[in-house]
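Protein sequences, first through last, are from chains A and B.
The first sequence maps to residues 1 to 83 in the working numbering.
The second sequence maps to residues 84 to 302 in the working numbering.
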Amino acid sequence: MANAEWEQLKEALRKAPTEEARKAAAEAMRRYLATHPPKSKPTLVSLGLNKPYPTSIPLEQIPGELERNPAFFEQFRKIVEEG
Amino acid sequence: MLALPLGDLPTRSASGFLIRYVLPRSLPPQLIGPMDRKQPFQMLTISDAIIGVGHGDDSSFCGHNNQVVMDILSIPNVKGKIVILIACETAQLLGPELIEKGAASYIGFKDDLVWVVDADLAFTPWSDKLAKSVMLPITSCVNTILDGKTTGEAFNTMQEYFSRNAALEEDDLIRSCINFNQKNAVLLGSPEARVTARPPLPLPFSLIPPPPILLPLAS
Numbered sequence: 001m002a003n004a005e006w007e008q009l010k011e012a013l014r015k016a017p018t019e020e021a022r023k024a025a026a027e028a029m030r031r032y033l034a035t036h037p038p039k040s041k042p043t044l045v046s047l048g049l050n051k052p053y054p055t056s057i058p059l060e061q062i063p064g065e066l067e068r069n070p071a072f073f074e075q076f077r078k079i080v081e082e083g
Numbered sequence: 084m085l086a087l088p089l090g091d092l093p094t095r096s097a098s099g100f101l102i103r104y105v106l107p108r109s110l111p112p113q114l115i116g117p118m119d120r121k122q123p124f125q126m127l128t129i130s131d132a133i134i135g136v137g138h139g140d141d142s143s144f145c146g147h148n149n150q151v152v153m154d155i156l157s158i159p160n161v162k163g164k165i166v167i168l169i170a171c172e173t174a175q176l177l178g179p180e181l182i183e184k185g186a187a188s189y190i191g192f193k194d195d196l197v198w199v200v201d202a203d204l205a206f207t208p209w210s211d212k213l214a215k216s217v218m219l220p221i222t223s224c225v226n227t228i229l230d231g232k233t234t235g236e237a238f239n240t241m242q243e244y245f246s247r248n249a250a251l252e253e254d255d256l257i258r259s260c261i262n263f264n265q266k267n268a269v270l271l272g273s274p275e276a277r278v279t280a281r282p283p284l285p286l287p288f289s290l291i292p293p294p295p296i297l298l299p300l301a302s
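Okay, here's the thing in structure tokens:
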């Protein structure tokens, strides 16, 4: 069952990746992560090649990447929309 | 043939699950870690199946240290073979080209293959509970093929396993990754293709995990 923070993150990612929208999405991701205190070192990975975003990023660094990288914002939105 | 690079966290995780659950029942050649390079990959395609983990894009598939081992302009002999590429985006151009060049069946992904791993478990990736929800369905697909069943059955096994894991998953992000990969999984070519059945995972491999992977991990 999705929690409220997750729904807020999905909503924040629906906007075009303007600087303001990326900041809002980063803040929403921070709030979501705060509800999921990590027990280990969770890292989002992919098997992409020469991507304009990292193929390995610790979850705690996702807000910062959302804020500064429109390409990551777009790809993360595609993933989160499925949830 | 198995191609299993181990150089970074994503390849280490995906290859780790195949090392744990597939490697002991597969036939040589097996290109593992630094051995997964273009020349052996192109020459050692004597098996009836090519099963590879690696970074990829729409037209390329990579081995160790992201060396391109196969792309749409350099496809080895794939006639009649089953090809499974555990990589990003190869279903867009490379997969169709493999079928064009005579592969019987191809299974891969048309967008990023994404999942969450526990970076603390990079030396024993098969024990990573975060990665299991995505990696076990893929491993199960490969094993269904090695059981001698058709690629259509193997693909359905993977998709049903993804659905089960998504329904059970409590973490929103991991569930999104499962659904994203399920949506982007692709089977091309004949769904009736199959290979000679291999024996099941022998003892002690079915009970005892492999020793830790001590190769260094790229940062």
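Even for Gly, the Cβ is constructed at its ideal location relative to N, Cα and C.
Model, not experiment: these values are computed from the prediction.
- The C-beta of B:Gly-185 has fewer than 16 other C-beta atoms within 10 Å across all chains shown, which makes the residue exposed.
- At a cut-off of 7 Å between beta-carbon atoms, B:Ala-301 makes no contact with chain A.
- B:Met-153: member of the beta strand (DSSP E) spanning 151-154, first to last residue.
- With a cutoff of 7 Å on beta-carbon distance, A:Ser-56 and B:Pro-93 are scored as near each other.
- Contact between B:Gln-242 and B:Ala-214 is absent: CB atoms are separated by about 18 Å, not below the 8 Å threshold.
- Residue environment: B:Thr-279 is assigned as exposed (fewer than 16 neighbouring CB atoms within 10 Å of its CB, all protein chains considered).
- Beyond the five residues adjoining it in sequence on each side, B:Asp-230 comes within less than 7 Å, by CB distance, of Ala-280 in the same chain, given in chain order.
- By the criterion of at least three beta-carbon pairs nearer than 8 Å, the segment 216-223 of chain B is in contact with the segment 256-263 of chain B.
- In the DSSP annotation of this structure, the continuous segment of the alpha helix (DSSP H) that includes A:Val-80 starts and ends at 70-81.
- Around B:Val-166, the same chain offers Ile-133, Leu-181, Ala-186, Tyr-189 as residues with beta carbons nearer than 6 Å, after the five sequence neighbours per side are excluded.
- DSSP links B:Ala-268 through a beta bridge to B:Phe-192.
- Annotation: Cβ neighbours of B:Ala-170 in chain A (cutoff 7 Å, chain order): Leu-47.
- At least one C-beta of chain B is nearer than 7 Å to the C-beta of A:Ile-79.
- B:Lys-212 sits exposed, since fewer than 16 C-beta atoms from the chains shown fall within 10 Å of its C-beta.
- Contact between the segment 281-293 of chain B and the segment 98-116 of chain B is present: 3 or more CB-CB pairs across the two stretches fall below 8 Å.
- Going by beta carbons, B:Val-199 and A:Leu-44 fall inside the 7 Å limit.
- A:Lys-41 has a beta carbon lying within less than 7 Å of a beta carbon in chain B.
- In this structure B:Ala-205 touches B:Arg-95 by the C-beta definition: roughly 5 Å separates them, less than 8 Å.
- The beta carbon of B:Asp-131 sits no closer than 7 Å to any beta carbon of chain A.
- Within chain B, the C-beta atoms nearer than 7 Å to that of A:Glu-82 come from Ser-259, Asn-262, Phe-263, Lys-266, in chain order.
- Counting only residues of its own chain and dropping the five nearest sequence neighbours on each side, A:Glu-11 has a CB closer than 8 Å to the CB of Ala-28.
- Put simply, the segment 13-31 of chain A touches the segment 62-72 of chain A. At least three CB pairs are less than 8 Å apart.
- Comparing C-alpha distances from A:Arg-22 to each of A:Glu-74, A:Val-80, A:Glu-82, A:Leu-49 shows the shortest one belongs to A:Glu-74.
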